[in-house]
Each structure stands twice: as structure tokens, then as C-alpha cells.
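Chains as they are written, first to last, in my numbering: chain A, 381 to 698; chain B, 381 to 698. The next block holds one structure in the form of C-alpha cells; read it before the comments.
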């Protein structure tokens, strides 16, 4: 007696934290199509490039993007050297934990905070400050290290893509030197595969040693229409898959999925207030408005955290 | 009868186009030290980063850096659309092949030429122009494609380092999008491992398709003290080995060899007028002056093309 030949599911066992459903299936189908040798949509390994936004896509971003919380902690730490900050915006808002007053200072206020806390030291000194913070600071809601707040389903996507010959990159509005302090350990993504915002640095010899000194001046802000620009300068090849969660990622998804051949775009929609946070159209720094309307029409995979993710964070019981 | 145990030479057969001598030996020794597990200078694979200048280090650069020859060909091709160039510097100098008049226009003249020929089109259109040129244009002395003028001994170093777990990067003053048209094929270095100069690009939707349009404005000039800056922004980790040939590479070698642990710096000195070109202190764009004096004192390997390279180009008989 012979059983009928069964076609094995190429993705069986893959992406275990994803619910069975169209979102998980769309990832498996895409990978199957681009890796099937001789198939009409086969993509050579060297061209299998996937890009991921960071805040809200690979790790959480509420109540405020985590690098912002690092900035706030630095403002508090530096206050003894800057007593005048008590009466000066945007510092006053940070010290009084007044997020409404901070929001009123807009992007200019955020840039002022970043320059006051992220410049004036060497790259090595900054690296140490960021590493110390990331190793000790805790998330206000979860009371966990921030590196514990990477999304388990997205870690599985990173691994699944790499197991299928993809090179994975972060493309984020976050500071490139901040992200590099944890990306290899948490995401398995090395420093040279992180594209992000940066400030100007200057080469100097100090006490006979070469150093790079961080200047209070923006070099590149890797957001919105500048994400494709950053991808082009840093990666130099149009990716075939892009993952994001806000309208800051819209141009990146548009650029990636606008190429010829098999393309994949995915948007994480944060709709799970119980296990994480729920936000979209009115979220300020992480607004998802245009993407929510246009994503489905453009064939992008829309992920509902509530329905598509069985687990959100690695620390949850399986 | 038993023969005494022989310690095998770990580099036996490696770098065959290098003469036996201190230059070849210094490369083999360095690689042996950083790859010996348990040894005092062992470096984990993820930190084995090596950076290479391009013009004069990986391929030739005379009579003029090859991208400059591409610029000159573009000026001639675009002349019908710009008849006024016949009377305007620096275009006039190019059209009359007057290198002295061109040199008199300085770096400003070169930038004008680059902006007039490298901007105003999409990145895909530029890619096609550069690929067409690199596939057909010939070197005035050797009558070979420019991609045939990569240095055989340096191709061997790239392969040898990669075989020993190194990730290899180009860090060059040349245009990043120009170099990317051939780097994977010739050097085995993918587009995202090329750090170079760039102009500003702008994201636009044209006929419903997303494109990046090249603007006549410099974004980053990756030379001299800005090579360590570029390494930091793009690679995000201090390399442990650097290869250059001119004072434009001095800061890069200083930065790389100024770190702790095993470090390696190498300068190619072009002293072979018979097989290639001989130039150093008065070479203009590729001057080797400070490096010639200070390199040996800093422990950098000084390579004489005449004495250390058995073959210069791949097309020479073995």
C-alpha cells in the first residue's frame, strides 16, 4: 500500500510565532518564489536584500522611541553641568516629564536635545554611554531591558530570510551609532548593515591618538523620502523586500516594491493595547495613516499585531 | 627512520604574484596572528574588517584617475547640447586635452566637471552610462578595458583575506555609484561594501514610478581626514587592516593602525615606470609624500611595485 505523494510545505515549522493566516503565508510564498531555481521569479542570492525599519518594526517604540528615552536620561544626567536647563525649553519639558510641552517644541526641540546630549564627545565615549544605558535602563511599562522588547515574530522573519540567502539591513530614522550598540547581539545584524541618521564627526589627533569627535550638527536624517536616498548611498542596490510600520516608511516601501520582479512590502499595524500598544493615525512621530489606506491597494502585507502574532515579545510564555 | 616534524608554512602557495620578501611576509604574518585561536592577537571573525583605497591601490590611476577619463568622455559626448563649453573652463581644457590648463582650475574645476556630467539623471540612467563606458572604453597606454587594470597582487590579497574570514571594503575618493558598476565582478566586493564619494539624490515619482534623481551638489567627499569619517558612518567598526597608496589614505591608515590589538597598514609605492607608472611626491591628485617618510616609522608595510610584485596586471604572462 502506498500513500499518495504529499508536497511538503516548504515553510512548515517556520515563523512559529505567526498565526496561520494570509500575513504569514505571504512571507512564505514570497521567499518560495524568489528562491525557486529555474522559477519565473528566482532572484540570485547577491540581490536578495531585505530592509527593516527599527522603531515599531523590529522593537517597540512606545511610550516614546527608545533612543528618545536615552536622550531624556542624558539630559537628567547632565543637569548638574547645565543648571540653566531647568528654565529652558525643550530641556524643561524633559525634566518635568511634560510630554505635551515637549511635543510643542516639535522636531526642532528634538534636534536640540539630541545635539546637547549626543555631541561633544568622541565616538568611543558615545559608544560607552549608549552601551551602559542599553545594559541597565528599563522600559517604564514592561520593566524590562529595551533589548528584551524586540518583536519575536520579526526576529523569526530576520532568521528565516537569512536562512534563505537574504542579507538583512536596518534602515531607520534612529541614530546609526546608537543602534549599532545592540543590533548584532539582538538582531544578528552587523554594524555595516545598519543605515540610520547620523551627526557630523571630525577626525582629530588627541594625546597622540586618532579620534572622531561628534559635532552638534546633523549629517543625515534617515526618514521618509530620505530612506530610499539612504538605501541608495549605503546599500547601493534596490532591495526586494521592505518592512515598516509608519508613514515614515512609506517611501521606502514604495521604492522597494516599485522595482521590477518579485517584490515584498509589509506594514506592522500596532492594534494590540493589551499585549503591547495600540496606535496609528494620530501617533505623532510614528503615524500610520497613508500606509493604512494605501498599503492594501499596493499589495503590501498588513500585519495586525492582535491577530497575526501569537507572541509579541520573546519573554512571553510560548 | 623518521624525518623531523616540519612546521608547514601556513601561507605556502598564497599570494603567488608577490615576491618572497618582507612585504609578502608581513601580510602572511598578520593574518596568521589574528586567526590563531587562543593566540594573544586573535581577532573574532566579525571584527576582521579590511579597507582598501581604490585608485592606485586596487586598480591603476594613471594618466588620470579612470573616473576622470569617464568624465572627459561624457564632456565630449554632451558637447552638442553645450556648444558654449568650447570657450568655457574647465570644459575647454578637457576638449583640447590640455591637462595643464585643467590642473590650473583645481579641485573646483573637477567638481564643476563632475556636476555637469554626473547629475541631472536618475540613478538608473547613470548606472547605464557608467556600465556602458566601463564595458567599452580603453586605457590610452595599455589599450585594455579599465577593469583589466586591477592589480593582480591586490586581487590575491582580497581573496586571501576573505578566505581567512575578513570582510573587505573599498574606501575611496571615487564616486560610490561609479565603483559599484564593476566592484562585485572585478574585486568580489558587493555594492554595500563600497564607501565612496557621493552627490545628493532626491526621491521623486516620475510617470508613476519612484526614482532617485542625481542633483548637482556634493553630498560627501571621501578623502583624507574624511576617510575615517566615512568608515565610521558606513562601516561602523574600526577596521584592523588598511591598504592605500597616497597621502589621501594617510588618515585612514593612521586611524586603522591607531587602534588597540593587531593592526596592519600597507602603502603601495608606484615605482615601476616599465610595467606601470612611476610617481610619488609630485603626483598632484595622488601624491605620496608624508606616507613615504612616515610609513616605515609607523610600522606600515611599504610595497615597491618594481621589487615586490612579480606580476602587476592579470593579463601579464605568469
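By construction, the Cβ of each residue, glycine as well, lies at the ideal position given by its N, Cα and C atoms. Since this is a predicted model, take the numbers as computed values, not measurements.
For residue j and residue i, the rounded distance between their alpha carbons
{"i": "residue 417 (chain A)", "j": "residue 410 (chain A)", "result": "14 angstroms"}
{"i": "residue 522 (chain B)", "j": "residue 691 (chain B)", "result": "15 angstroms"}
{"i": "residue 428 (chain A)", "j": "residue 615 (chain A)", "result": "12 angstroms"}
{"i": "residue 694 (chain A)", "j": "residue 535 (chain A)", "result": "9 angstroms"}
{"i": "residue 511 (chain B)", "j": "residue 517 (chain B)", "result": "10 angstroms"}
{"i": "residue 500 (chain B)", "j": "residue 593 (chain B)", "result": "7 angstroms"}
{"i": "residue 683 (chain B)", "j": "residue 641 (chain B)", "result": "23 angstroms"}
{"i": "residue 413 (chain A)", "j": "residue 449 (chain A)", "result": "41 angstroms"}
{"i": "residue 394 (chain B)", "j": "residue 645 (chain B)", "result": "19 angstroms"}
{"i": "residue 399 (chain B)", "j": "residue 503 (chain B)", "result": "42 angstroms"}
{"i": "residue 481 (chain B)", "j": "residue 475 (chain B)", "result": "11 angstroms"}
{"i": "residue 528 (chain A)", "j": "residue 599 (chain A)", "result": "30 angstroms"}
{"i": "residue 651 (chain A)", "j": "residue 436 (chain A)", "result": "12 angstroms"}
{"i": "residue 387 (chain B)", "j": "residue 672 (chain B)", "result": "Residue placement at residue 387 (chain B) cannot be trusted, given a pLDDT of 48 that sits under 50; what the coordinates show is reported in the next sentence. Approximately 36 angstroms between the Cα atoms of the pair."}
{"i": "residue 530 (chain B)", "j": "residue 440 (chain B)", "result": "7 angstroms"}
{"i": "residue 578 (chain B)", "j": "residue 555 (chain B)", "result": "6 angstroms"}
{"i": "residue 606 (chain A)", "j": "residue 576 (chain A)", "result": "10 angstroms"}
{"i": "residue 621 (chain A)", "j": "residue 507 (chain B)", "result": "21 angstroms"}
{"i": "residue 538 (chain A)", "j": "residue 566 (chain A)", "result": "11 angstroms"}
{"i": "residue 487 (chain B)", "j": "residue 587 (chain A)", "result": "32 angstroms"}
{"i": "residue 678 (chain B)", "j": "residue 569 (chain B)", "result": "28 angstroms"}
8 angstroms Cβ cutoff, residue i in contact with chain A
{"i": "residue 572 (chain B)", "result": "yes"}
{"i": "residue 634 (chain B)", "result": "yes"}
{"i": "residue 553 (chain B)", "result": "no"}
{"i": "residue 397 (chain B)", "result": "no"}
{"i": "residue 608 (chain B)", "result": "yes"}
{"i": "residue 680 (chain B)", "result": "no"}
{"i": "residue 556 (chain B)", "result": "yes"}
{"i": "residue 601 (chain B)", "result": "no"}
{"i": "residue 493 (chain B)", "result": "no"}
{"i": "residue 564 (chain B)", "result": "yes"}
{"i": "residue 638 (chain B)", "result": "yes"}
{"i": "residue 548 (chain B)", "result": "no"}
{"i": "residue 581 (chain B)", "result": "yes"}
Any chain D beta carbon closer than 8 angstroms to residue i
{"i": "residue 613 (chain A)", "result": "Judged by its chain identifiers, the structure shown contains no chain D, and its protein chains are A and B."}
Coarse secondary structure for residue i, derived from DSSP in three states
{"i": "residue 656 (chain A)", "result": "coil"}
{"i": "residue 465 (chain B)", "result": "helix"}
{"i": "residue 682 (chain B)", "result": "strand"}
{"i": "residue 525 (chain A)", "result": "strand"}
{"i": "residue 423 (chain B)", "result": "coil"}
{"i": "residue 582 (chain B)", "result": "strand"}
{"i": "residue 446 (chain B)", "result": "helix"}
{"i": "residue 384 (chain B)", "result": "Because residue 384 (chain B) sits at a pLDDT of 47, beneath the cut-off of 50, its placement in the model cannot be relied upon, and the following sentence gives the value as read from the coordinates. In the structure shown, residue 384 (chain B) sits in coil (DSSP, three-state: anything other than H, G, I, E or B)."}
{"i": "residue 619 (chain B)", "result": "coil"}
{"i": "residue 647 (chain B)", "result": "strand"}
{"i": "residue 677 (chain A)", "result": "coil"}
{"i": "residue 569 (chain B)", "result": "coil"}
{"i": "residue 612 (chain B)", "result": "helix"}
Exposed unless 16 or more other CB atoms sit within 10 angstroms - verdict on residue i
{"i": "residue 425 (chain B)", "result": "exposed"}
{"i": "residue 385 (chain B)", "result": "In this prediction, residue 385 (chain B) has a pLDDT of 47, which is less than 50 and means its spatial position is unreliable; nothing more can be read from the coordinates."}
{"i": "residue 447 (chain B)", "result": "buried"}
{"i": "residue 541 (chain A)", "result": "buried"}
{"i": "residue 560 (chain A)", "result": "buried"}
{"i": "residue 573 (chain A)", "result": "buried"}
{"i": "residue 434 (chain B)", "result": "buried"}
{"i": "residue 618 (chain A)", "result": "buried"}
Among the options, nearest to residue i - alpha-carbon criterion
{"i": "residue 662 (chain B)", "options": "B:670, B:655, B:656", "result": "B:670"}
{"i": "residue 675 (chain B)", "options": "B:547, B:631, B:659", "result": "B:631"}
{"i": "residue 470 (chain A)", "options": "A:625, A:407, A:496, A:423", "result": "A:496"}
{"i": "residue 638 (chain A)", "options": "B:585, B:595, B:438", "result": "B:585"}
{"i": "residue 596 (chain B)", "options": "B:514, B:493, B:454", "result": "B:493"}
{"i": "residue 546 (chain A)", "options": "A:561, A:681, A:423", "result": "A:423"}
{"i": "residue 406 (chain A)", "options": "A:623, A:696, A:656", "result": "A:623"}
{"i": "residue 688 (chain B)", "options": "B:668, B:532, B:569", "result": "B:532"}
Cutoff 8 angstroms: residue i Cβ touching any chain B Cβ
{"i": "residue 631 (chain A)", "result": "yes"}
{"i": "residue 617 (chain A)", "result": "yes"}
{"i": "residue 641 (chain A)", "result": "no"}
{"i": "residue 662 (chain A)", "result": "no"}
{"i": "residue 391 (chain A)", "result": "no"}
{"i": "residue 578 (chain A)", "result": "yes"}
{"i": "residue 590 (chain A)", "result": "yes"}
{"i": "residue 475 (chain A)", "result": "no"}
{"i": "residue 502 (chain A)", "result": "no"}
{"i": "residue 667 (chain A)", "result": "no"}
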